[in-house]
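**Q** Going line by line, the protein sequences match chains X and P.
Residue 42 is where the first sequence starts when you use our numbering, and the numbers rise one by one after that.
Residue 42 is where the second sequence starts when you use our numbering, and the numbers rise one by one after that.
There are 2 protein chains.
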Amino acid sequence: MNAVTEKNLSRIQREKRGKIQKAALEVFSEYGLRSATLDKIATACGLTKPNILYYYSSKDQIYFEVLNGLLDEWVAPLHEISKEGEPIEELLGYMKAKLKMSKQKPKESKLFANEILHGAPLMQNILATSLRQTLDEKVAVIDHWVSEGKLANVSGYHLFFSIWAMTQHYADFDVQVKAILDKNEDELFQDAEEYLTNLLLRMLSLPSNQNHSAEPC
Amino acid sequence: MNAVTEKNLSRIQREKRGKIQKAALEVFSEYGLRSATLDKIATACGLTKPNILYYYSSKDQIYFEVLNGLLDEWVAPLHEISKEGEPIEELLGYMKAKLKMSKQKPKESKLFANEILHGAPLMQNILATSLRQTLDEKVAVIDHWVSEGKLANVSGYHLFFSIWAMTQHYADFDVQVKAILDKNEDELFQDAEEYLTNLLLRMLSLPSNQNHSAEPC
DNA sequence: AGAAAAATTGTCCATTTGGTCAAAAATTTA
DNA sequence: TAAATTTTTGACCAAATGGACAATTTTTCT
Chain X
42 MNAVTEKNLS
52 RIQREKRGKI
62 QKAALEVFSE
72 YGLRSATLDK
82 IATACGLTKP
92 NILYYYSSKD
102 QIYFEVLNGL
112 LDEWVAPLHE
122 ISKEGEPIEE
132 LLGYMKAKLK
142 MSKQKPKESK
152 LFANEILHGA
162 PLMQNILATS
172 LRQTLDEKVA
182 VIDHWVSEGK
192 LANVSGYHLF
202 FSIWAMTQHY
212 ADFDVQVKAI
222 LDKNEDELFQ
232 DAEEYLTNLL
242 LRMLSLPSNQ
252 NHSAEPC
Chain P
42 MNAVTEKNLS
52 RIQREKRGKI
62 QKAALEVFSE
72 YGLRSATLDK
82 IATACGLTKP
92 NILYYYSSKD
102 QIYFEVLNGL
112 LDEWVAPLHE
122 ISKEGEPIEE
132 LLGYMKAKLK
142 MSKQKPKESK
152 LFANEILHGA
162 PLMQNILATS
172 LRQTLDEKVA
182 VIDHWVSEGK
192 LANVSGYHLF
202 FSIWAMTQHY
212 ADFDVQVKAI
222 LDKNEDELFQ
232 DAEEYLTNLL
242 LRMLSLPSNQ
252 NHSAEPC
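What follows is the structure, encoded as structure tokens:
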């Protein structure tokens, strides 16, 4: 019949599952898996608790679905790093993409942060296989750039760790950031981007000659 | 009578409260406030649940005491930054102190991270007053160094954010880091320190002349 | 030692919460 | 329109859990 609709779900099913997932993201990202209650999710999406359980078999399953549904999107910017591109440009672009996600998707960021913070019981496998493999590839690209003399000599792994840490910090610890800085969000992220751009430029540029022009003394 | 013992607690009280706090740190840092149960804490310290409630009036109070008991220690390295010292040395020292804490006190780091991640309901006040004030002072020091030409021109606030983010990342997201890198902890933190030292050196050194010696072309 | 105070515990309770289920309501299909 | 199917819900249950409390044991003090 309706082989076109994704996963063969009826209109109602797609709508309701969507509502539930959206509400679940709100609640899980704010409270974490355990503190989030089905009642909170139910209230947030205007359904009753048994109705939610008609669409998902358990609270854990909702959590799993939400987490998994966001995973690809979350890792996507990493795939955009191109071996063919200009090294520093590529890495600056990656940082900016991650920072943009922190600004526009803080709930998602917090959801992942919370999951990893508590041992990543549902993701450890993915981290150690899929993410690790992707990262290994990108680190190889960085090593290549370094060996070609297009990039200062840095550890690719730690470079990625620090980009993750610094960009996600503005989402995950926004309460702290906002307790210290009064700026509005636009200003804040503008400043952050400027700061991080400068940081990466200094970090990644070759020490002797900035840019490409070697200018002998 | 025993006016010397801190807070006038008996030997037994000091011992038991210590045990409870230690166990509570384990459990709270692993599970978070809500998922942690008094039974888990009781098991972890070898006491019964009612016995714990003899020393602390509620689970929330235990959490509050643990968090507060660690706060001073947590912020301490910030106070060590001296206006009189050599700027880059001071900031490298701060980074190293924070990194050392991530290595030696990952549970504490996770406890704070979790608290802030979920809106810092018990700390927002402290963040916005005490921490903010201390940080303002230290940022003023950095601005002073910058204006004196002893440091590259960077935003002090964002510099601190990035140092916090990068160092605490190795504790808070250790599961992810370890899923990606096989190194043992000593190696890992050794590499991290090297990487971060390099990063800060490049970030903070004045662009034209490294070190202090201006060597005209 | 004996009394007083402190510490410990077994038992119990109320609330929260994930989940069940049968019945009712709404929707789709024939 | 009537039957079949899907969706929704009110009522209910069992387990988990924070906490109360009286009784008992241990420690301290005189």
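Backbone N, C-alpha and C fix where the C-beta goes; we use that ideal spot for every residue, glycine too.
Counting only Cβ pairs nearer than 7 Å, list the residues of chain X close to P:Y198.
**A** The answer, in chain order, is I221 and L222.
**Q** Excluding sequence positions up to five away, which residues of its chain have a Cβ less than 7 Å from the Cβ of X:L241?
**A** L132, L133 and M136, listed in sequence order.
**Q** Flag this pair as touching only if the region 152–164 of chain X and the region 149–168 of chain P have three or more C-beta atom pairs under 8 Å; answer yes or no.
**A** Yes, since at least three Cβ pairs between the region 152–164 of chain X and the region 149–168 of chain P fall closer than 8 Å, the two stretches touch.
**Q** When we look at the beta-carbon of X:S99 and count the other beta-carbons within 10 Å, is it buried (16 or more) or exposed?
**A** Looking at its Cβ environment, which holds fewer than 16 other Cβ atoms inside 10 Å, X:S99 is exposed.
**Q** Are P:K179 and P:L119 closer than 8 Å when you measure CB to CB?
**A** Contact: yes.
**Q** Classify X:G59: buried if its beta carbon has 16 or more other beta carbons within 10 angstroms, exposed otherwise.
**A** It counts as exposed.
**Q** Can you give me, in chain order, the residues of the region 138–172 of chain X that have a beta carbon less than 8 Å from any beta carbon in chain P?
**A** Listed by position, the residues of the region 138–172 of chain X near chain P (Cβ gap below 8 Å) are K151, A154, N155, I157, L158, H159, G160, A161, Q165, L168, A169 and L172.
**Q** Under 8 Å by Cβ, that's how I've got P:L247 and P:A193 pegged, so tell me the actual separation to the nearest angstrom.
**A** About 5 Å separates the two Cβ atoms, so the contact holds.
**Q** Reducing DSSP to helix, strand and coil, say where P:H159 ends up.
**A** It is coil, neither helix nor strand.
**Q** If you reduce the DSSP assignment to three classes, tell me which class P:H253 lands in.
**A** The predicted position of P:H253 is uncertain, since its pLDDT is 39 and thus under 50; a value taken from the coordinates is nonetheless stated next. Of the three classes helix, strand and coil, the one that applies to P:H253 here is coil, per DSSP.
**Q** Run down chain X in chain order and give the residues with a C-beta less than 7 Å from the C-beta of P:M244.
**A** By Cβ distance, chain X contributes L240, R243 and M244.
**Q** Mind reading off the beta-carbon distance from X:E261 to X:K148? Whole number of angstroms is fine, and I expect it under 8 Å.
**A** For residue 261 of chain X there is no data in the structure shown, the boundaries of chain X being 42 and 258.
**Q** With X:K90 and X:L79 assumed to form a contact (beta carbons below 8 Å), what rounded beta-carbon distance in angstroms separates them?
**A** Right, the Cβ-Cβ distance comes to about 5 Å (below 8 Å), so this counts as a contact.
**Q** How would you write the range of the alpha helix (DSSP H) that P:D223 sits in, first residue to last?
**A** Counting along the chain, P:D223 falls outside any alpha helix (DSSP H), and DSSP gives it neither H nor E.
**Q** Can you give me the start and stop residues for the alpha helix (DSSP H) that P:N92 sits inside?
**A** Element bounds for P:N92: K90 to Y96.
**Q** Listed in chain order, which residues of the region 206–236 of chain X have Cβ atoms closer than 7 Å to some Cβ of chain P?
**A** Those residues of the region 206–236 of chain X that come within reach of chain P (Cβ to Cβ, closer than 7 Å) are A206, M207, H210, D213, F214, V216, Q217, V218, A220, I221, L222, D232, A233 and Y236.
**Q** Check whether the Cβ atoms of X:I204 and X:K139 lie closer than 8 Å to each other.
**A** Yes, these two residues count as a Cβ contact at 8 Å.
**Q** CA-CA distance, X:M164 and P:V216?
**A** So the alpha carbons of these two residues sit roughly 10 Å apart.
**Q** What are the boundary residues of the alpha helix (DSSP H) that X:A117 is part of?
**A** Unbroken alpha helix (DSSP H) run through X:A117: K100 to H120.
**Q** I'd like the list of long-range same chain contacts for X:W115, defined as Cβ closer than 7 Å, with 5 residues on each side in sequence excluded.
**A** Excluding residues within five positions, the ones whose Cβ falls inside 7 Å are E149 and F153.
**Q** If you count every other CB in all the chains shown that lies within 10 Å of the CB of P:G110, and 16 or more means buried, which is it?
**A** Exposed, by the Cβ-count rule.
**Q** If P:Y198 sits next to X:L222, beta carbons under 8 Å apart, how far is it from one beta carbon to the other, in whole angstroms?
**A** Yes, P:Y198 and X:L222 are in contact; Cβ-Cβ is about 6 Å, under 8 Å.
**Q** Specify, as a first and last residue, the run of the alpha helix (DSSP H) that X:G190 falls within.
**A** Per DSSP, X:G190 belongs to no alpha helix (DSSP H) and is neither H nor E.
**Q** Using a beta-carbon distance below 8 Å, is X:V116 in contact with chain P?
**A** No - not a single Cβ of chain P is within 8 Å of the one on X:V116.
**Q** Put X:E71 into one of helix, strand or coil per three-state DSSP.
**A** Here X:E71 sits in helix by DSSP.
**Q** Output, in chain order, the set of chain P residues within a Cβ distance shorter than 8 Å of X:R75.
**A** Result: Y72, G73, R75 and S76.
**Q** For the region 97–115 of chain X, list every residue whose C-beta sits within 9 Å of some C-beta in chain P, in sequence order.
**A** Answer in chain order: no residues at all.
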